[in-house]
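If you read the sequence shown in our numbering, its first letter stands for residue 704, the second for the next number, and so on.
We treat Cβ as the ideally placed atom computed from N, Cα and C, and that holds for glycine.
What follows is a single structure, written as structure tokens, with notes after it.
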Amino acid sequence: MTAGAVTVRPGTPTWPELTAVRIDSQGRLRLPTRVLVTRTQVRPYVAPPTVPHPGPGSRGLSGSAHGACHHEPVKLPGTATPASQTATARRGSNLPRVGDYNQVVVLEAIRYRVEGLSRVEIATLTGLSPQAVSNICRRLLSTGLVVEAGKRVAGPGKPRTLLRLAPTSRFAVGVHLDPALMTFVVLDLVGRPVARSVRPLRPGLGPDQVLTEVAQEVSALISASGVEPDRVVGLGVAAPGPVDTSTGTLVRPPNLPGWDRVAIRDTLSAATNLCVLLDKDVVAAAVAELWTGAIGERGSAVFFYIGTGVGAGLVLRGEVYRGPSGNAGEMGHLLTGPDGPLCACGQRGCIGEVCSPRVLVETARRRGIGPLDPPHWDTEDEGRAVDVDHRDVVGDAFGRLCQLAMDGHTEAVQLLEAMAERFAKAAADVVDLLDLDEVVFGGPLWDGLAPVFLRVLPDLLRPSAAASRIHSVTVRGTSVGADVAAVGAACLVLDEAFSPRSTTLLVTR
């Protein structure tokens, strides 16, 4: 049997990427339904049902999330407007089997237009029939995901009723497992933080102890936020990669020694009774930019994450690209020149080595730039989650280095400008390879770098990126703030439940 471009050999089942995000009558996230293609028939395989949501735990800390970075984006001049700025909304389908896909297509159209949309406008934007739109909107109103929000006069005839997302109809919890600390947030449906807490990742704790603390803090934060537990869609966890998304584990993460193959997803799901998603922190950051509307609904961008390490998240035509294993964006071994300290891979000039905060702090100390506290590294014991507080030391020292640069210290400025030059080369390569229209920077250490990077990097990128001669390329800092990974972790859940994906309707190899 041949289905599109897929030839199925007799007797050999295949698992195409035909996955429908399901939302039950309560608006909760359901695990996917896949379709098993055999030689003679197509029959559904239904994954086990989701675990019911429990009540919240004891009280915890809450507060406002870290404010957004207010640096203005810089655009490189080009001869045309990027396609993402002129493209129409994602199109739906009138086929009877894709009701779930169409429902999230409509939700996405409404989400991207905060002023609200009428049913007529939804039909025009999505290509769905008026009857399909009417039925979908009726379901969304009944589940409370959208509300009627006033009327708009549009020519002769009756004013049109506007529909908007109901922000407090659903919530998601996000956790960022950084090598130095854990950040927790609760987000509403439009991606606004309603509660936040931070706890140090204490030296000497093993993964089991850390995950116990995470589960306790999640329950405490939900309780402190005042959010009804049955409105919490799930829990997202962002951590340094690589990840194995099929098992919900990390795979020998260099920045979290002792966490290899620890069952993060399953452990937290059992402890919290929430649907848990695990992804890389750089991917989560890209999802945050996309979900909160900073990257257009058809935009293509690279998000450079600068924290304990460096990494990249990719957004291609409005969808986060993860790759077959979920580890796209591992950019640590991109070569940015022949010099620099020797990397573990045996080469020099790897961006993950020459631009790591640890190396920059060590370089500054050797050059007498300071005073800076020396970093202390001791990662011999693979059984520990965090061995000593060296990551806090490096972060603090790097912050002082950035402050010296902002104060006009010549050598500090030169050191950060050299870092920006290396990132400009990497950015130009990625922009040209994938034809991107945005370069976004963020992460825990971004705010200190922003003044230097946004001053020099656009001019460095302009002559290097061929794409900038065809369309404008925007260089900016994250609009989400320093908590972008934690916010992104919560957005992972919202995105999984309420965003359409092209793979939902495609049969691929």
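Checklist entry - Are three or more beta carbon pairs between the region 993-1009 and the region 1140-1149 nearer than 8 Å? => result Output reads yes: the region 1140-1149 touches the region 993-1009.
Item to check | For Phe887 and Glu920, the rounded distance between their alpha carbons | outcome: Computed Cα separation, rounded: 8 Å.
Next on the checklist: Tell me the rounded alpha-carbon separation between Glu818 and Lys854.
Outcome noted: Put simply, the backbone Cα of Glu818 is about 11 Å away from that of Lys854.
Checklist entry - Based on the DSSP secondary-structure assignment, which residues constitute the bridge partners of His879? => result For His879, the beta-bridge partners assigned by DSSP are Thr886 and Ala941.
Item to check | Rounded C-alpha distance that separates Gln1106 from Pro960 | outcome: A straight-line Cα-Cα distance of about 30 Å links Gln1106 and Pro960.
Checklist entry - Mapping DSSP to helix, strand and coil, what is Cys1048? => result Annotated three-state conformation of Cys1048 is coil, per DSSP.
Checklist entry - With Val965 and Val954 assumed to form a contact (beta carbons below 8 Å), what rounded beta-carbon distance in angstroms separates them? => result Rounded, the Cβ-Cβ distance is 10 Å, inconsistent with contact.
Item to check | Own chain residues within Cβ distance below 7 Å of Gly937, not counting five before or after | outcome: Non-local C-beta neighbours of Gly937 in its own chain, meaning closer than 7 Å and more than five positions away in sequence, comprise Leu732, Ala875, Leu977, Cys978, Val979, Leu980 and Val1196, ordered along the chain.
Next on the checklist: Let's see if you can read the secondary structure: which residues bound the beta strand (DSSP E) around Ala852?
Outcome noted: From DSSP, the beta strand (DSSP E) with Ala852 extends over Val849 to Arg855.
Next on the checklist: With H, G and I counted as helix, E and B as strand and the rest as coil, what does DSSP make of Pro896?
Outcome noted: Note: Pro896 maps to strand in three-state DSSP.
Checklist entry - Using a Cβ-Cβ cut-off of 8 Å (strictly less than) and excluding sequence neighbours within five positions of Arg934, which residues of its own chain qualify? => result Around Arg934: Thr871, Ser872, Arg873 and Phe874.
Checklist entry - Whose C-alpha, out of Gly1040, Gly1002, Gly1055 and Leu868, is nearest the C-alpha of Gly1014? => result Ranking the options by Cα distance to Gly1014, first place goes to Gly1055.
Item to check | Outcome for Cys1048 when other beta-carbon atoms lying within 10 angstroms are tallied against a minimum of 16 | outcome: Cys1048 should be labelled exposed.
Next on the checklist: To test your reading of the DSSP string, which unbroken beta strand (DSSP E) runs of 3 or more residues are found completely within the region 1158-1208?
Outcome noted: The region 1158-1208 contains these whole beta strand (DSSP E) runs: 1176-1180.
Checklist entry - Using a C-beta cutoff of 8 Å, does Thr1011 count as contacting chain B? => result The displayed structure is made up of one protein chain only, and chain B is not part of it.
Checklist entry - Using the C-alpha atoms, what's the distance from Leu1152 back to Ala1185? => result Going by the C-alpha atoms only, they are around 12 Å apart.
Checklist entry - Quick one: what's Ile1009 bridged to in DSSP? => result BP columns for Ile1009 point to Val1013.
Checklist entry - Contact check, Val836 vs Val809 under 8 Å by CB: the rounded distance? => result Going by Cβ atoms, the distance from Val836 to Val809 rounds to 7 Å, so yes, they are a contact pair.
Next on the checklist: Given the structure, does Glu992 come close to the ligand COA, in the sense that its CB is under 7 Å from one of the ligand's heavy atoms?
Outcome noted: Only the bare structure without any ligand can be found here, which leaves the ligand COA out of the picture.
Item to check | Spatial neighbours of Val754 in its chain, beta-carbon cut-off 6 Å, leaving aside the 5 residues before and after | outcome: Only weak support is given to the placement of Val754: the predicted model assigns it a pLDDT of 37, under 50, and the question is left unresolved by the model.
Next on the checklist: Val1023 and Val990 - do their beta-carbons sit closer together than 8 Å?
Outcome noted: In this structure, Val1023 lies closer than 8 Å to Val990 by Cβ.
Checklist entry - Could you give the distance in angstroms between the alpha-carbon of Val1116 and the alpha-carbon of Arg1069? => result Within the model, the alpha-carbon separation for Val1116 versus Arg1069 is close to 15 Å.
Checklist entry - Helix, strand or coil: how does DSSP classify Lys983 here? => result If DSSP states are grouped into helix, strand and coil, Lys983 belongs with the strands.
Next on the checklist: Does Pro859 come out as helix, strand or coil in the three-state DSSP assignment?
Outcome noted: Residue state, collapsed to three classes: coil.
Item to check | C-alpha gap between Gly951 and Asp982, whole angstroms | outcome: Looking at the two C-alpha atoms, the distance is approximately 8 Å.
Next on the checklist: So, at 8 Å on beta carbons, what are the nonlocal neighbours of Leu1118 in its own chain, with the 5 sequence-adjacent residues on each side left out?
Outcome noted: Cβ within range, chain order: Leu1063, Thr1066, Ala1067, Arg1070, Ile1072, Leu1104 and Ala1108.
Checklist entry - Is it the case that the Cβ atoms of Thr1011 and Asn958 are separated by a distance below 8 Å? => result Yes, Cβ-Cβ distance for Thr1011 and Asn958 is below 8 Å.
Next on the checklist: For Leu1019, tell me which candidate among Ala973, Val1142 and Ile1173 has the shortest Cα-Cα distance.
Outcome noted: Each of Ala973, Val1142 and Ile1173 was checked against the Cα of Leu1019, and the nearest Cα belongs to Val1142.
Checklist entry - Buried or exposed: where does Glu1199 fall if 16 or more other Cβ atoms within 10 Å of its Cβ makes it buried? => result Under this definition Glu1199 is a buried residue.
Item to check | Under the three-state DSSP convention, the category Val936 falls into | outcome: It is a strand residue.
Item to check | Spatial neighbours of Phe1101 in its chain, beta-carbon cut-off 8 Å, leaving aside the 5 residues before and after | outcome: Excluding sequence neighbours, Phe1101 sits near Pro1060, Leu1063, Val1064, Leu1148 and Gly1151.
Checklist entry - From Val807, Gly830 and Gly1032, pick the residue whose C-alpha is nearest to that of Gly944; which is it? => result The residue with the shortest Cα to Cα distance from Gly944 is Gly1032.
Checklist entry - Based on the DSSP output, what are the partners of Cys840 in its beta bridges? => result According to DSSP, which records beta bridges pairwise, Cys840 is partnered with nothing at all.
Next on the checklist: Could you tell me the alpha carbon to alpha carbon distance between Ala1168 and Ala1193, rounded to whole angstroms?
Outcome noted: Inter-residue distance for Ala1168 and Ala1193 is about 33 Å (C-alpha atoms, whole angstroms).
Item to check | Extent of the continuous beta strand (DSSP E) to which Glu1141 belongs | outcome: Start and end: Glu1141 to Gly1145.
Item to check | Residue environment, Phe1201, which counts as buried when at least 16 other CB atoms sit within 10 Å | outcome: Buried is the call here.
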